[in-house]
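Inspection log for the structure reproduced underneath, given as structure tokens.
Residue numbers (my numbering): 51 to 117.
Listed below in structure tokens is the structure:
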């Protein structure tokens with residue numbers, strides 16, 4: 051029980067210190083920017099693939115409906 055209390059207080063202390071640190075905030079901002087950029091780059095090809103896949107399915111469905 052005592053260990054849990056100490057762990058809570060230590061993690062709170064560390065968290066508060068990090069949040070108050072300008073260097074940590076700058077690093078977090080850069081990390082967020084890089085992750086957002088990678089996510090955007092990955093999302094575009096996936097969206098293009100999904101769109102092409104749906105169009106192909108619709109085309110095949112129309113083709114098979116005519117048979």
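Ideal Cβ positions, reconstructed from N, Cα and C, are used throughout, including at glycine.
Keep in mind the model is a prediction, meaning the values are calculated, not measured.
For residue 116, there are no CB contacts under 7 angstroms within the same chain when 5 residues up- and downstream are skipped.
Boundaries cannot be given for residue 116, as no alpha helix (DSSP H) includes it and DSSP labels it neither H nor E.
Our two residues, residue 60 and residue 67, have alpha carbons roughly 11 angstroms apart in a direct line.
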